[in-house]
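Trainee: If you read the sequence shown in the working numbering, its first letter stands for residue 119, the second for the next number, and so on.
By construction, the Cβ of each residue, glycine as well, lies at the ideal position given by its N, Cα and C atoms.
Source: prediction; values computed, not measured.
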Amino acid sequence: GGMACPLCVYQPLDDDRMHRCAGCGKPYHTVCCLYNPYEPGQFFCHQKSCQVLGNGRQQVLRSAATLTNTPLGDYLTAKARAAVAGGLPIVVKVVSDTWRRSSHPLTRQFPYRHKVVFAFQ
């Protein structure tokens with residue numbers, strides 16, 4: 119396998135979309151770094167040296183406010199806010215929803231749903 123994503127520390131699977139930082143070359147899962155390859159700008163990770171290199175050339179990265187609302191995200195946001203004391207401004211976003219298949223021969227015939235959900239405070 120390749121190098122683990124520095125943000126989630128998991129090794130990439132065969133069908134994971136990865137992007138390398140244009141500064142240091144480290145691979146990141148697309149959903150971990152919220153990089154969109156279809157928008158202008160390159161991906162520079164959050165290391166200070168990479169941010170200096172990318173000054174003016176990096177993509178404006180997404181935040182909770184700019185990510186798309188989904189019914190599941192809205193439902194989870196309401197549940198999380200109700201469960202947390204103090205009324206913290208928690209926002210939950212579903213950033214990926216795909217079907218996958220295992221590469222293992224015994225489980226290949228059983229597809230599963232893979233969702234990536236981020237919670238922001």
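Determine the closest residue to Asp192 out of Val202, Val212 and Asn173, with distance taken between C-alpha atoms.
Mentor: Within the sequence shown, the letter at position 74 stands for residue 192. Here the closest residue by C-alpha is Val212.
Trainee: Whole angstroms is fine: what's the gap from Thr225's alpha carbon to Ala140's?
Mentor: Mapped onto the sequence shown, residue 225 falls at position 107. Mapped onto the sequence shown, residue 140 falls at position 22. Each residue's alpha carbon lies about 37 Å from the other.
Trainee: Spatial neighbours of Gly172 within its chain, please: CB distance less than 8 Å, with the 5 preceding and 5 following residues excluded, ordered by chain position.
Mentor: As a first step, residue 172 must be located in the sequence shown, where it is residue number 54. Ala140, Gly141, Gln160 and Phe162.
Trainee: In terms of alpha-carbon separation, which member of Trp217, Ser221 and Phe238 lies closest to His232?
Mentor: The sequence position of residue 232 within the sequence shown is 114, counting from 1. Minimum Cα distance to His232 is reached at Trp217.
Trainee: I need the boundaries of the beta strand (DSSP E) containing Lys233, first residue and last residue.
Mentor: What you label residue 233 is simply residue 115 of the sequence shown in a count that begins at 1. Taken as a continuous stretch (DSSP letters only), the beta strand (DSSP E) holding Lys233 covers Tyr230 to Phe238.
Trainee: In whole angstroms, give me the CA-to-CA distance for Val209 and Phe228.
Mentor: On the sequence shown, residue 209 is found 91 positions in, with the first residue counted as 1. On the sequence shown, residue 228 is found 110 positions in, with the first residue counted as 1. Approximately 32 Å between the Cα atoms of the pair.
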